[in-house]
Amino acid sequence: MVKEDKYIPRIAIYTLGCKLNQSESGEISSDLKEKGFYMVEPGGGFDVLIINTCTVTHVADRKARRLISSARGHNPGAVIIATGCLAERSPEDIKTKGGVDLVLGNEEKGKIPDIIENLIGAGNLLHTGRTATICPEKKHTRALVKIQIGCSQTCTYCIVPSVRRNVHSVRPDDVIKRIKDLEAQGHKEIVLTGSNIGSYNYEHTDLVTLIEGILENTSVQRLRLTSLQPQEITDELLNLWRKPRVCSHLHIPLQSGHDSVLSRMKRRYTADKYIAAVQKARQAVPDLSVTTDVIVGFPGETEDEFNGTIELCRKMGFSRTHVFPFSQRPGTAAALMTGQIGNDLKKER
Numbered sequence: 007m008v009k010e011d012k013y014i015p016r017i018a019i020y021t022l023g024c025k026l027n028q029s030e031s032g033e034i035s036s037d038l039k040e041k042g043f044y045m046v047e048p049g050g051g052f053d054v055l056i057i058n059t060c061t062v063t064h065v066a067d068r069k070a071r072r073l074i075s076s077a078r079g080h081n082p083g084a085v086i087i088a089t090g091c092l093a094e095r096s097p098e099d100i101k102t103k104g105g106v107d108l109v110l111g112n113e114e115k116g117k118i119p120d121i122i123e124n125l126i127g128a129g130n131l132l133h134t135g136r137t138a139t140i141c142p143e144k145k146h147t148r149a150l151v152k153i154q155i156g157c158s159q160t161c162t163y164c165i166v167p168s169v170r171r172n173v174h175s176v177r178p179d180d181v182i183k184r185i186k187d188l189e190a191q192g193h194k195e196i197v198l199t200g201s202n203i204g205s206y207n208y209e210h211t212d213l214v215t216l217i218e219g220i221l222e223n224t225s226v227q228r229l230r231l232t233s234l235q236p237q238e239i240t241d242e243l244l245n246l247w248r249k250p251r252v253c254s255h256l257h258i259p260l261q262s263g264h265d266s267v268l269s270r271m272k273r274r275y276t277a278d279k280y281i282a283a284v285q286k287a288r289q290a291v292p293d294l295s296v297t298t299d300v301i302v303g304f305p306g307e308t309e310d311e312f313n314g315t316i317e318l319c320r321k322m323g324f325s326r327t328h329v330f331p332f333s334q335r336p337g338t339a340a341a342l343m344t345g346q347i348g349n350d351l352k353k354e355r
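Take a look at the structure:
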């Protein structure tokens with residue numbers, strides 16, 4: 007614990023990328039507050055900046071590098087810690103070109119509060135002299151809770167298995183404790199997140215059993231799930247929506263509406279199976295909101311294949327569609343495929 011007679015460093019966290027990253031940043035912030043540190047807004051002055059990076063697209067890489075460069079320019083005396091998926095993938099590149107002080111992989115995120123505390127004890131963390139605004143206690147109603155990490159699937163475009171190698175599920179008791187702590191802080195809605203939450207399995211507890219345990223052992227008013235794959239939409243899972251506390255929303259990634267593209271992506275369903283999964287969910291859950299993801303410009307995507315995706319999206323009537331261009335990720339099979347599509351055509355699509 008930081009002693010009261012010492013200057014207490016101002017610490018900021020900037021998060022890029024997915025809900026799993028956001029959840030982990032929330033855990034780091036909670037641990038830092040417990041140690042007595044002050045959390046400040048990343049846009050002002052700070053003594054320590056933690057940048058939780060993403061590398062799912064080249065745009066995410068660029069954002070992270072620009073953020074690091076800008077932070078160093080505006081806070082030359084601060085300690086900058088880079089963590090997250092880009093830090094996992096390219097640690098040396100970030101350290102030599104980005105000007106960060108520490109680069110920590112995904113598995114080291116939980117050590118950050120202790121690392122900062124040790125820097126203070128060793129006299130290696132000094133007040134930068136810049137003013138900083140302490141973050142007010144914002145009354146958020148929604149909080150993200152990590153239940154699972156890592157993915158062992160082999161989608162040809164995805165870099166997640168390379169940067170989240172350690173696939174494991176969080177112990178059910180720890181999930182419930184985290185939710186109860188967040189409830190005590192005033193959160194009304196909990197979002198269960200992970201790299202692939204449909205694969206949740208801790209000993210004899212699967213996703214359905216975990217959710218039943220959460221509903222039984224907490225009083226959270228609203229429970230929401232992040233992304234689920236079409237093949238994971240089972241009758242047993244859909245029965246959970248009979249509970250009024252489970253939010254009537256499912257995010258089911260499509261990626262493409264054409265079987266040949268889905269095959270090249272190594273997705274585990276066809277267009278017809280995707281449609282069947284959505285229809286099954288809508289029949290089981292009245293007024294269900296379904297959102298999705300779509301990748302345009304996958305290598306070799308023809309005009310007919312692209313139009314097949316448009317047709318399927320129109321047929322499904324999604325509440326929201328997150329559309330993004332294919333991004334070549336180093337080390338993925340799709341990055342080496344022939345038929346790479348130009349940026350102008352991807353933008354048009």
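Take any residue in the sequence shown, count from 1 to its spot, add 6: that is its number in my numbering.
The C-beta atom is built at its ideal place from N, Cα and C for all residues, glycine as well.
Checklist entry - By Cβ distance, which residues of its chain are closer than 6 Å to A290, with the 5 residues on each side in sequence left out? => result For this step, residue 290 is matched to residue 284 along the sequence shown. Hits under 6 Å: L244.
Next on the checklist: Measuring only the C-alpha atoms, how far is G425 from I185?
Outcome noted: Because the chain in this structure spans residues 7 to 355, residue 425 falls outside the shown range and cannot be described.
Item to check | Close beta carbons around A283, own chain, < 8 Å, minus the five adjacent residues each side | outcome: In the sequence shown, the residue the question calls residue 283 occupies position 277. Correct list, in chain order: P236, Q237, I239, I258 and Y275.
Next on the checklist: Checking 8 Å against the spacing of the C-beta atoms, do L221 and R251 come in under that value?
Outcome noted: Numbered from its first residue, the sequence shown carries residue 221 at position 215. Numbered from its first residue, the sequence shown carries residue 251 at position 245. A contact, by the Cβ cut-off of 8 Å.
Next on the checklist: Measuring straight from C-alpha to C-alpha, what distance separates P15 and S35?
Outcome noted: Position 9 of the sequence shown holds residue 15. Position 29 of the sequence shown holds residue 35. Computed Cα separation, rounded: 13 Å.
Checklist entry - Rounded to a whole number of angstroms, what is the C-alpha to C-alpha distance between R136 and L73? => result Indexing the sequence shown from 1 puts residue 136 at position 130. Indexing the sequence shown from 1 puts residue 73 at position 67. In this predicted model, R136 has a pLDDT of only 49, less than 50, meaning its place in the structure is not dependable enough to derive any value.
Next on the checklist: Could you tell me the alpha carbon to alpha carbon distance between R71 and G105, rounded to whole angstroms?
Outcome noted: The sequence position of residue 71 within the sequence shown is 65, counting from 1. The sequence position of residue 105 within the sequence shown is 99, counting from 1. Going by the C-alpha atoms only, they are around 10 Å apart.
Next on the checklist: Which same chain residues end up closer than 7 Å to F78 when comparing Cβ atoms and leaving out the 5 residues on each side of it in sequence?
Outcome noted: For the purposes of this step, residue 78 is identified with residue 72 of the sequence shown, where counting begins at 1. At residue 78 the sequence reads Arg, which differs from the Phe that was named. Counting only Cβ-Cβ distances below 7 Å, and skipping sequence neighbours, we find I86 and G105.
Checklist entry - What does a CB cutoff of less than 7 Å around L342 pick up in its chain, not counting 5 residues either side in sequence? => result Against the sequence shown, residue 342 aligns to sequence position 336. There are no such residues.
Checklist entry - First and last residue of the beta strand (DSSP E) that includes Q154? => result Start at 1 with the first residue of the sequence shown, and residue 154 comes out as number 148. Taken as a continuous stretch (DSSP letters only), the beta strand (DSSP E) holding Q154 covers R148 to I155.
Checklist entry - Measuring CB to CB, does I153 end up less than 8 Å from L216? => result Along the sequence shown, read from residue 1 onward, the residue named residue 153 stands at position 147. Along the sequence shown, read from residue 1 onward, the residue named residue 216 stands at position 210. Against a cut-off of 8 Å, the Cβ pair of L216 and I153 comes out as a contact.
Next on the checklist: Taking DSSP's pairing of strands, which residues face L55 in a bridge?
Outcome noted: To locate residue 55, count along the sequence shown from 1; it is residue 49. For L55, which the question treats as bridged, DSSP gives the partners A18 and I86.
Item to check | Spatially closest choice to T224 from S233, S201 and E195, by CA coordinates | outcome: Position 218 of the sequence shown, counted from the start, is the residue given in the question as residue 224. Per the Cα distances, E195.
Checklist entry - Can you give the beta carbon distance from V300 to F332, rounded, assuming they're within the 8 Å contact cut? => result As a position in the sequence shown, residue 300 is number 294, starting the count at 1. As a position in the sequence shown, residue 332 is number 326, starting the count at 1. Actually they do not touch by this definition, with Cβ atoms about 11 Å apart.
Checklist entry - If you draw a straight line from the alpha carbon of D53 to that of I126, how long is it in whole angstroms? => result Residue mapping note: residue 53 aligns to position 47 of the sequence shown, counting from 1. Residue mapping note: residue 126 aligns to position 120 of the sequence shown, counting from 1. Taking the straight line from one Cα to the other gives about 11 Å.
Checklist entry - Can you list, in chain order, the residues of its chain whose CB lies under 6 Å from that of I118, leaving out five sequence neighbours each side? => result The residue you call residue 118 lines up with position 112 of the sequence shown. Closer than 6 Å at Cβ, skipping near neighbours: I34.
Checklist entry - DSSP state of P167, grouped into three classes? => result Within the sequence shown, the letter at position 161 stands for residue 167. Looking at P167 - three-state DSSP - the assignment turns out to be helix.
Checklist entry - Going by Cα to Cα distance, which pick from V226, D241, P178 and T199 is closest to H210? => result Position 204 of the sequence shown holds residue 210. When only C-alpha atoms are compared, the closest one is P178.
Next on the checklist: Is the beta carbon of R95 closer than 8 Å to that of S168?
Outcome noted: Here residue 168 is taken as the residue at index 162 of the sequence shown, counted from 1. Here residue 95 is taken as the residue at index 89 of the sequence shown, counted from 1. Going by C-beta atoms, S168 is nearer than 8 Å to R95.
Item to check | Alpha-carbon spacing of H264 relative to Q346, whole angstroms | outcome: Residue 264 sits at position 258 when you count from the first residue of the sequence shown. Residue 346 sits at position 340 when you count from the first residue of the sequence shown. Each residue's alpha carbon lies about 17 Å from the other.
Next on the checklist: Could you compute how far the alpha carbon of N124 sits from the alpha carbon of K69?
Outcome noted: Your numbering for residue 124 matches position 118 in the sequence shown. Your numbering for residue 69 matches position 63 in the sequence shown. Each residue's Cα considered, the two are about 29 Å apart.
Item to check | The beta strand (DSSP E) enclosing R326, as first and last residue numbers | outcome: On the sequence shown, position 320 is the one that residue 326 refers to. From DSSP, the beta strand (DSSP E) with R326 extends over R326 to P331.
Next on the checklist: Quick check on H133: does DSSP put it in helix, strand or coil?
Outcome noted: Mapped onto the sequence shown, residue 133 falls at position 127. Note that H133 scores a pLDDT of 49, beneath 50, so its modelled location is shaky; the value from the coordinates is reported in the next line. In the structure shown, H133 sits in coil (DSSP, three-state: anything other than H, G, I, E or B).
Next on the checklist: Tell me the rounded alpha-carbon separation between P336 and H64.
Outcome noted: Walking along the sequence shown from the start, residue 336 turns up at place 330. Walking along the sequence shown from the start, residue 64 turns up at place 58. Going from the Cα of P336 to the Cα of H64 covers about 10 Å.
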